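Residue numbers (this note's numbering), protein chains in the order written: chain A, 3 to 422; chain B, 44 to 410. Below: one structure, written as structure tokens.
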Amino acid sequence: MFRPSHRRQTILPVVLGTLLASCSKEAPPELDDAALAFQKQLQEQFIRAQPGSVITIPAGVHPINRGLSLNVSGVTLRGEGMDASVLSFKGQLQGAEGLLVNASDFTIEDLAIEDTPGDGLKINEGRNIVIRRVRTEWTNGPHEDNGAYGIYPVQVENLLLEGSVAIGASDAGLYVGQSRNVVVRNNRAERNVAGIEIENTFNADVYGNLATDNTGGILVFNMPDLPQPGHSTRVFGNRVIANNTDNFGAEGTPVASVPAGSGIVINSNDRVEIFDNEIADNDTANIIISSYYATGYQGTREMAADYDPYPETIFVYGNRFSGGGSSPDGLDLKALKVAMFGLKGSFPDILWDGYANPDKLDAEGNLLSEHAICIDNGDAEVLNADLGNGSDNIVVGADQHRCVHDKLPAVVLAAPLEKL
Amino acid sequence: MRECSICVVALLLGACGTAQRDVQVFPPDAPPENLSAWGVLRADGNQLVLHANVIPYELSSPLFSDYALKLRTVWMPEASAATYAADREFDFPVGTIISKTFHYRKAEDWRDDYFSVQYAAQEQADNSVPPLDLERQWLLETRLLVRYADGWRAFPYVWNAAQTDATLEIAGELRQLTLRKDGEVQPVNYIVPDVNQCGGCHTPDHTAGTLRPLGPRAWQLNRPYAWWQDTGSQLNHWRERGLLLSAPQMQVTMPESLEQRARAYLDANCAHCHNPAGAADTSALHLNIDAPLDRKFGLCKTPVAVGRGSGDHRYDIYPGRPEESIMVFRMQHTDPAIAMPELGRSVVHTDGVALISDWIAALPGEC
Numbered sequence: 003m004f005r006p007s008h009r010r011q012t013i014l015p016v017v018l019g020t021l022l023a024s025c026s027k028e029a030p031p032e033l034d035d036a037a038l039a040f041q042k043q044l045q046e047q048f049i050r051a052q053p054g055s056v057i058t059i060p061a062g063v064h065p066i067n068r069g070l071s072l073n074v075s076g077v078t079l080r081g082e083g084m085d086a087s088v089l090s091f092k093g094q095l096q097g098a099e100g101l102l103v104n105a106s107d108f109t110i111e112d113l114a115i116e117d118t119p120g121d122g123l124k125i126n127e128g129r130n131i132v133i134r135r136v137r138t139e140w141t142n143g144p145h146e147d148n149g150a151y152g153i154y155p156v157q158v159e160n161l162l163l164e165g166s167v168a169i170g171a172s173d174a175g176l177y178v179g180q181s182r183n184v185v186v187r188n189n190r191a192e193r194n195v196a197g198i199e200i201e202n203t204f205n206a207d208v209y210g211n212l213a214t215d216n217t218g219g220i221l222v223f224n225m226p227d228l229p230q231p232g233h234s235t236r237v238f239g240n241r242v243i244a245n246n247t248d249n250f251g252a253e254g255t256p257v258a259s260v261p262a263g264s265g266i267v268i269n270s271n272d273r274v275e276i277f278d279n280e281i282a283d284n285d286t287a288n289i290i291i292s293s294y295y296a297t298g299y300q301g302t303r304e305m306a307a308d309y310d311p312y313p314e315t316i317f318v319y320g321n322r323f324s325g326g327g328s329s330p331d332g333l334d335l336k337a338l339k340v341a342m343f344g345l346k347g348s349f350p351d352i353l354w355d356g357y358a359n360p361d362k363l364d365a366e367g368n369l370l371s372e373h374a375i376c377i378d379n380g381d382a383e384v385l386n387a388d389l390g391n392g393s394d395n396i397v398v399g400a401d402q403h404r405c406v407h408d409k410l411p412a413v414v415l416a417a418p419l420e421k422l
Numbered sequence: 044m045r046e047c048s049i050c051v052v053a054l055l056l057g058a059c060g061t062a063q064r065d066v067q068v069f070p071p072d073a074p075p076e077n078l079s080a081w082g083v084l085r086a087d088g089n090q091l092v093l094h095a096n097v098i099p100y101e102l103s104s105p106l107f108s109d110y111a112l113k114l115r116t117v118w119m120p121e122a123s124a125a126t127y128a129a130d131r132e133f134d135f136p137v138g139t140i141i142s143k144t145f146h147y148r149k150a151e152d153w154r155d156d157y158f159s160v161q162y163a164a165q166e167q168a169d170n171s172v173p174p175l176d177l178e179r180q181w182l183l184e185t186r187l188l189v190r191y192a193d194g195w196r197a198f199p200y201v202w203n204a205a206q207t208d209a210t211l212e213i214a215g216e217l218r219q220l221t222l223r224k225d226g227e228v229q230p231v232n233y234i235v236p237d238v239n240q241c242g243g244c245h246t247p248d249h250t251a252g253t254l255r256p257l258g259p260r261a262w263q264l265n266r267p268y269a270w271w272q273d274t275g276s277q278l279n280h281w282r283e284r285g286l287l288l289s290a291p292q293m294q295v296t297m298p299e300s301l302e303q304r305a306r307a308y309l310d311a312n313c314a315h316c317h318n319p320a321g322a323a324d325t326s327a328l329h330l331n332i333d334a335p336l337d338r339k340f341g342l343c344k345t346p347v348a349v350g351r352g353s354g355d356h357r358y359d360i361y362p363g364r365p366e367e368s369i370m371v372f373r374m375q376h377t378d379p380a381i382a383m384p385e386l387g388r389s390v391v392h393t394d395g396v397a398l399i400s401d402w403i404a405a406l407p408g409e410c
């Protein structure tokens with residue numbers, strides 16, 4: 003149900019069409035000699051870099067047709083501004099990302115990465131990573147042919163991602179995966195499928211960001227089978243506004259299950275705190291709390307034994323809601339909304355799929371207090387869709403969620419990032 | 044007989060007055076500009092020949108690289124040897140030089156300014172037995188892996204148009220070729236990797252981050268090789284030459300069954316990243332040859348960060364349904380956002396796609 007059911011029919015033929023078309027796609031732009039020379043000297047700087055090296059990208063648009071990679075720790079990559087120094091990967095021939103970093107103590111700042119066929123910036127395994135004032139963008143706007151992730155640190159520890167901009171990613175604009183000790187602040191994510199996504203990560207603070215015009219604004223997800231489960235994320239002080247862009251992600255990706263019009267989405271993650279955000283005009287719901295079961299990806303095989311598919315110990319308080327829930331994505335959600343709230347009515351601010359671990363219920367069938375979904379947010383209400391029981395007992399209200407959890411501590415960046 | 048023939052070759056070379064250069068190991072921060080300086084391989088415009096102490100070898104399941112043919116060699120310093128390991132790459136002594144020369148058979152319309160190359164199945168081994176006949180073969184690049192006290196280093200060399208030597212190109216290179224295969228013609232953007240990209244594959248333990256050779260493992264080498272002129276395992280020749288310590292007498296064992304061939308292919312083409320310590324452990328898809336055949340091998344496994352690579356499919360491997368399996372979809376595409384492997388392939392390996400599709404089609408079960 004949280005998977006918009008109309009997409010299968012509409013998107014699939016389109017994707018097939020573009021795949022066929024891509025066989026006869028116009029040839030990528032050839033790099034002229036100056037561009038080739040720039041690319042080569044940049045590659046050589048990455049190859050010859052030593053700890054402490056600063057690699058600078060001068061102002062200008064620099065076409066690149068090969069994937070760039072850095073394997074040396076302690077390097078800074080610096081441009082002259084996210085709108086001045088642009089690495090343009092339109093016509094990239096090779097490489098699943100524009101820039102791939104396999105290193106620690108890495109800082110990237112003040113530059114843009116545009117139009118990569120795959121991911122923009124990927125940082126795979128490293129400590130003490132600073133990404134600031136970096137823009138990743140697909141310049142033709144939202145499109146299913148865009149690359150998946152804009153800024154994509156994965157398996158990193160001690161990460162500051164700030165002041166950056168991500169536009170047009172066909173998966174997540176800013177995506178932090180399988181990481182720990184993370185601060186994501188003061189960024190702007192717009193017109194991506196997922197604006198900001200925190201996945202299988204623990205100890206993350208996400209604040210001061212603007213997520214708008216995405217399919218889903220801010221996602222806190224947990225996926226099965228991965229080396230580390232996520233928990234303990236705080237999402238606060240963000241503006242999550244009108245994330246109503248049609249889902250243009252490929253079927254089969256986790257974000258393809260996100261309905262357009264989702265503000266903040268928690269999926270299968272635990273100990274998540276959502277507070278002091280301005281959340282407005284997200285047409286499916288301002289907040290969605292859901293389980294892996296609601297994605298429809300489970301299939302018939304047994305789930306990994308160590309995977310917890312239920313969202314637990316969720317605490318929503320002090321947010322400023324307005325609008326939203328008036329035009330949900332997907333036939334099932336539309337039908338449900340009309341049936342319960344009428345053509346002109348709206349879902350409440352918070353949608354919960356209702357899946358709960360049967361081993362963690364009290365005698366009345368509610369989640370034990372330590373695992374509960376607690377809402378302390380004025381008159382904001384919850385719709386429990388009771389999907390686990392075929393929606394036999396849909397409940398609207400906040401009474402069953404009137405509880406509080408201990409607040410999570412703030413994430414403190416460790417040295418050498420402690421003063422940033 | 045074999046050793047005699049080597050002597051004869053050496054004598055002939057000597058007789059031509061082109062005295063053989065000794066193999067030389069250069070410091071890691073001072074690799075020579077020219078490949079010939081290492082003394083491992085030498086081209087005279089007619090032939091590519093090996094130094095007398097350089098051993099060529101062949102793998103049972105080679106990595107696919109745009110249908111390039113590959114001549115692989117190893118050289119170890121005198122009186123040193125590698126140490127056998129049953130389940131990982133052998134330990135090579137400091138000073139070891141492993142080379143891999145990528146070459147193509149020239150198509151009939153080949154010209155200096157029109158690199159038209161040809162591939163026909165089953166000819167890999169025949170064409171890559173040294174010395175290479177440069178009338179028929181066109182040398183593209185030679186990659187060296189050199190073992191130093193603190194680990195391996197990679198040096199990519201690109202052959203010149205005259206085919207007399209190759210030049211170090213740490214930033215790699217792009218060559219546009221025309222490939223003829225089974226009567227079909229397709230353009231190839233052949234990409235020589237840059238030095239950092241060498242690590243994209245040759246760092247199977249991504250956390251450790253150190254370069255390692257990938258091919259020289261027992262299961263890959265335990266096969267005959269035409270160069271030795273017999274049908275026994277090439278590893279027995281290594282042992283008899285004193286190049287491989289602690290090795291048992293080997294009975295030739297090559298992947299035979301559909302599953303063995305499929306898993307050998309996936310190991311060679313995917314497992315340098317897709318193993319529990321590899322760069323792609325972020326995906327939790329493990330395709331190393333000794334991995335259990337379970338969800339983490341892709342069976343009914345949903346993808347994690349696949350993006351457009353999903354092809355709108357739900358599962359990496361859908362048993363019985365190759366056409367609904369992400370793995371096959373990604374092998375069938377060359378778009379950098381979709382294609383797997385991420386590096387080293389710019390055309391579709393139709394035989395590989397067929398092999399993996401056949402294997403998936405034969406898998407039982409439902410998702």
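Backbone N, C-alpha and C define an ideal beta-carbon position, used for all residues, glycine too. Predicted model, so just to flag it, every value in this text is computed and none were measured.
DSSP three-state call for residue i: helix, strand or coil?
i, result
"A:Cys-434", "Only positions 3 to 422 of chain A appear in the structure, and residue 434 of chain A is not among them; the question remains open."
"B:Gly-258", "coil"
"B:Lys-224", "strand"
"A:Leu-335", "helix"
"B:Ser-400", "helix"
"B:Ile-332", "coil"
"B:Trp-281", "helix"
"B:Glu-302", "helix"
"A:Thr-297", "helix"
"A:His-403", "helix"
"B:Arg-338", "helix"
"A:Pro-313", "coil"
Hey, residue i and residue j are a contact pair by Cβ (cut 8 Å); roughly how many whole angstroms apart?
i, j, result
"A:Ser-166", "A:Thr-217", "Not a contact, Cβ separation roughly 19 Å."
"A:Glu-261", "A:Ser-292", "For the record, residue 261 of chain A in the displayed sequence is Pro; it is not Glu. Incorrect: roughly 10 Å between the Cβ atoms, too far for contact."
"A:Ile-66", "A:Gln-96", "In fact, because the Cβ distance is near 11 Å, the residues do not count as touching under 8 Å."
"A:Gly-344", "B:Cys-410", "39 Å between Cβ atoms; not a contact."
"B:Gly-350", "A:Gly-120", "7 Å"
"A:Val-132", "A:Thr-118", "In fact, because the Cβ distance is near 21 Å, the residues do not count as touching under 8 Å."
"B:Ala-322", "B:His-245", "Going by Cβ atoms, the distance from B:Ala-322 to B:His-245 rounds to 11 Å, so no, they are not a contact pair."
Looking only at DSSP bridge pairs, what is residue i linked to?
i, result
"A:Ala-258", "Bridge partners of A:Ala-258: none, in fact."
"B:Tyr-162", "B:Lys-224"
"B:Asp-134", "B:Thr-126"
"B:Trp-195", "B:Arg-190"
"B:Trp-81", "The partner list for B:Trp-81 (beta bridge, DSSP) is empty, contrary to what the question assumes."
"B:Trp-271", "According to DSSP, B:Trp-271 bridges with nothing at all."
"B:Phe-145", "B:Lys-113, B:Glu-184"
Would you call the CB atoms of residue i and residue j closer than 8 Å?
i, j, result
"B:Asn-279", "B:Asp-310", "no"
"B:Thr-207", "B:Ala-129", "no"
"B:Tyr-100", "B:Gln-375", "no"
"B:Arg-255", "B:Glu-385", "no"
"A:Asn-288", "A:Gly-326", "yes"
"B:Tyr-233", "B:Leu-183", "yes"
"A:Val-413", "A:Asn-211", "no"
"A:Met-305", "A:Pro-226", "yes"
"A:Glu-99", "A:Arg-129", "no"
"B:Gly-242", "A:Asn-284", "no"
"B:Leu-84", "B:Val-160", "no"
"B:Pro-199", "B:Gln-90", "no"
Under 8 Å Cβ-Cβ, which residues of chain A neighbour residue i?
i, result
"B:Cys-410", "Gly-301, Thr-302, Arg-303"
What in chain B is Cβ-close to residue i, meaning under 7 Å?
i, result
"A:Pro-313", "Chain B residues near A:Pro-313: none, gap ~18 Å exceeds 7 Å."
How would you list, in chain order, the residues of chain B whose beta-carbon sits under 8 Å from the beta-carbon of residue i?
i, result
"A:Lys-42", "Ala-214"
Against residue i, what residues of chain A qualify as contacts under a CB-to-CB distance less than 7 Å, listed in chain order?
i, result
"B:Cys-343", "Gly-301, Arg-303"
Along chain B, in chain order, which residues have C-beta atoms closer than 9 Å to that of residue i?
i, result
"A:Pro-119", "Arg-351, Asp-378, Pro-379, Ala-380, Ile-381"
Against chain C, which members of the stretch 127 to 160 of chain A pass a CB distance test of less than 9 Å?
The chain labelled as chain C is not found among the protein chains of the depicted structure, namely A and B.
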